[in-house]
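Taking it in order: structure first as structure tokens, then the write-up.
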Amino acid sequence: MIWQKLHIRHMVGGRLNSNEVERIYRFEFPERPGALLNFLNRMGQKWNISLFHYRNHGSAFGRVLCGFQIPTSFISNV
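Every letter in the sequence shown is one number past the one before it in our numbering, and letter 53, counting from 1, is 120.
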């Protein structure tokens with residue numbers, strides 16, 4: 068399946084501030100005990116997360132769709 072079909076029903080939102088943009092990324096990682104916690108710990112605390120959807124239905128891989136609000140002054144570095 069493509070990522071849009073896996074996550075589309077969870078993508079509802081509004082407008083961003085004019086000085087921010089949103090970037091959406093998809094991540095996959097091998098599923099095992101503690102895998103999601105490890106993923107979240109590695110992300111750190113400096114990001115403003117506007118969307119987070121974790122999907123695992125007994126598969127070998129956990130799937131995360133993440134949206135980040137990024138100030139336009141920072142966008143050239145991303």
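For glycine and all other residues, C-beta sits at the position ideal for the given N, C-alpha and C.
- Put simply, the segment 91-103 touches the segment 111-129. At least three CB pairs are less than 8 Å apart.
- Secondary-structure assignment with DSSP links PRO138 through a beta bridge to GLU87.
- Spanning the alpha carbons of ARG93 and PHE119 requires a straight line of approximately 10 Å.
- With 16 or more other CB atoms across the displayed protein chains lying within 10 angstroms of its CB, ARG130 is buried.
- Secondary structure note for ASN115: its beta strand (DSSP E) is the uninterrupted segment 115-122.
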